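Visitor: Residues in the sequence shown are numbered from 1 upward in steps of one, following the UniProt record's numbering.
Backbone N, C-alpha and C fix where the C-beta goes; we use that ideal spot for every residue, glycine too.
These numbers come from a predicted model, not from an experiment.
Okay, handing you the structure first.
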Amino acid sequence: MNIKTLTAHAGHNPDGKLGSGAVGNIKESTEARNVLKELIPLAQKECKVYDTTCNNGTSQSDILNKIINKCNSYNTDLNVSIHFNSGGGRGVEVLVYNLNDKETVEIASRICKKITETYHAKGDKDFKNRGVKEKKTLAFLRRTKAKSILVECCFVDTSDTKKYNAKDMAIDIYEGIFNKSIAGKPQDNKVKYAIVYEGDVDKVIAQLMAMNYKANEVSVCELKNYVPGHCENLYVIGGASNKIKTSERFTKLQGDDRWATLHKVLDFIGK
């Protein structure tokens with residue numbers, strides 16, 4: 001699915017107002033907004049994004065009406081609603097209007113898979129992929145003009161919250177929507193080598209360096225997508241070494257120009 005325009009919103013009113021959603025170990029309204037805050041800048045790298053969150057609803061129906069009207073005011077390819085579940089269950093599910101809508105179901109399935117994999121990688125093997133479910137009665141899914149999904153990230157009132165992290169959740173949703181991967185995500189084990197670059201020329205140098213390592217041990221990542229803390233050895237190519245924001249120790253491989261940078265890398269790997 002080619003997504004050029006996206007709307008995204010956090011479900012419900014803000015905490016402290018009428019219709020603010022479920023409350024348990026965490027608050028649905030607060031965390032939906034935290035996830036949205038992390039998701040929007042990621043999605044903006046891929047397409048135009050409109051925030052259709054409602055913060056001033058006077059009733060539950062008014063909140064829904066305002067969100068739906070905002071969504072329908074844009075010529076969008078996909079509407080994304082961020083929610084959290086309650087009722088004592090475990091896991092993630094994504095709601096769609098029609099299970100026969102192949103493109104929407106594919107996106108929803110990827111989101112479920114990504115979120116589940118991240119929980120399992122963090123050690124919570126009991127977190128469940130509850131799958132994609134059809135809900136024709138939900139006003140948001142029924143009345144929006146474009147394809148729409150409602151993500152129930154996890155349960156607010158169970159041990160789902162122990163491994164929950166808003167940024168990881170946003171990354172998983174982003175990856176599911178756009179069918180892309182961000183290097184540096186939590187895995188069962190840290191990747192052994194991460195090579196970070198910025199720009200097409202340094203990308204080629206980074207890829208050449210990566211050929212020196214086993215494919216399952218190395219990750220090549222553009223600077224803007226790098227998530228700190230998920231590698232054993234960090235190498236930063238060229239100008240990215242002056243821009244990277246991390247407290248990690250890393251090896252700087254930068255010369256006075258592109259050729260000098262290339263030679264530094266080749267010398268470093270013994271070529």
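Are three or more beta carbon pairs between the segment 54-64 and the segment 95-112 nearer than 8 Å?
Guide: Taking 8 Å as the limit for Cβ pairs, the verdict is that the segment 95-112 does not touch the segment 54-64.
Visitor: Report the rounded CA-to-CA distance for residue 50 versus residue 69, giving the unit in angstroms.
Guide: The straight-line gap from Cα to Cα measures roughly 13 Å.
Visitor: Can you list the beta strand (DSSP E) stretches of 3 or more residues lying completely in the segment 44-77, in chain order?
Guide: Whole beta strand (DSSP E) segments, 3+ residues: 48-51.
Visitor: Apart from the five residues on each side of it in sequence, which residues of its chain come closer than 6 Å, Cβ to Cβ, to residue 128?
Guide: Cβ within range, chain order: 90, 91.
Visitor: Using a threshold of 7 Å, state whether the C-beta atoms of residue 82 and residue 32 are closer than that.
Guide: Yes. Within cutoff.
Visitor: Taking the alpha-carbon positions, what's the residue 18 to residue 29 distance?
Guide: If you take the alpha carbons of residue 18 and residue 29, they lie about 11 Å apart.
Visitor: Helix, strand or coil, according to DSSP, for residue 130 in the structure here?
Guide: Looking at residue 130 - three-state DSSP - the assignment turns out to be strand.
Visitor: Quick one: residues in its chain with C-beta nearer than 7 Å to the C-beta of residue 213, no 5 flanking neighbours on either side, listed in chain order?
Guide: These residues qualify, in order along the chain: 193.
Visitor: Of the choices 195, 166, 265, whose alpha-carbon is the least far from that of residue 226?
Guide: Minimum Cα distance to residue 226 is reached at 195.
Visitor: Check whether the segment 151-160 touches the segment 195-204, taking contact to mean three or more Cβ pairs, one atom from each stretch, closer than 8 Å.
Guide: Judged by Cβ distances under 8 Å, the segment 151-160 makes no contact with the segment 195-204, as fewer than three pairs qualify.
Visitor: Using a Cβ-Cβ cutoff of less than 6 Å, which residues in the same chain neighbour residue 35 once the five nearest sequence positions on both sides are dropped?
Guide: Correct list, in chain order: 82, 166, 169, 170.
Visitor: Residue 22 by DSSP, collapsed to three states: which one?
Guide: It is coil, neither helix nor strand.
Visitor: Per DSSP, which one or two residues make a beta bridge with residue 272?
Guide: Since the first residue of the chain shown is 1 and the last is 271, residue 272 is not available in this structure.
Visitor: For residue 58, count the other beta carbons within 10 Å of its own beta carbon; 16 or more makes it buried, fewer makes it exposed. Which is it?
Guide: Exposed, since its Cβ has fewer than 16 Cβ neighbours within 10 Å.
Visitor: Compute the Euclidean distance between the alpha carbons of residue 210 and residue 218, then round it to the nearest angstrom.
Guide: About 6 Å.
Visitor: Express the C-alpha separation of residue 238 and residue 4 in angstroms, rounding to a whole number.
Guide: The straight-line gap from Cα to Cα measures roughly 32 Å.
Visitor: For residue 179, does the count of other Cβ atoms within 10 angstroms reach 16, so buried, or fall short, so exposed?
Guide: The residue in question, residue 179, is exposed, as its Cβ has fewer than 16 Cβ neighbours within 10 Å.
Visitor: Give every residue of the same chain whose Cβ lies closer than 8 Å to the Cβ of residue 76, excluding the five residues on either side of it in the sequence, and list them in chain order.
Guide: Once the five neighbours on either side are set aside, the close Cβ partners of residue 76 are 5, 6, 7, 50, 146.
Visitor: Going by CA-CA distance only, name the one from 257, 229, 88, 113 that's closest to residue 245.
Guide: Closest option to residue 245, Cα to Cα, is 229.
Visitor: Look up residue 27 in the DSSP assignment and give the residues it is bridged to.
Guide: Paired residues: 23.
Visitor: Using only the alpha-carbon positions, how far apart do residue 144 and residue 23 sit?
Guide: Each residue's Cα considered, the two are about 27 Å apart.
Visitor: Spatial neighbours of residue 255 within its chain, please: CB distance less than 7 Å, with the 5 preceding and 5 following residues excluded, ordered by chain position.
Guide: If we look at residue 255 and ignore the five residues flanking it on each side, its Cβ neighbours are 261, 263, 264.
Visitor: Can the beta-carbon of residue 197 be found less than 7 Å from the beta-carbon of residue 240?
Guide: It is a contact, given that the beta carbons lie within the stated cut-off.
Visitor: Tell me which same chain residues have a C-beta within less than 6 Å of the C-beta of residue 163, skipping the five on either side of it?
Guide: Excluding positions up to five away in sequence, the list reads 119, 122, 124.
Visitor: State the beta-bridge partners of residue 152 as determined by DSSP.
Guide: Its beta-bridge partners are 83, 93.
Visitor: Beta-carbon separation of residue 141 and residue 135 under 7 Å?
Guide: Yes, these two residues count as a Cβ contact at 7 Å.
Visitor: Please report the straight-line C-alpha distance between residue 236 and residue 101, rounded to a whole angstrom.
Guide: Using only the alpha carbons, I get a separation of about 43 Å.
Visitor: Sort out for me which residues DSSP pairs residue 233 with in a bridge.
Guide: DSSP, once it has assigned bridges, lists 193 as partnering residue 233.
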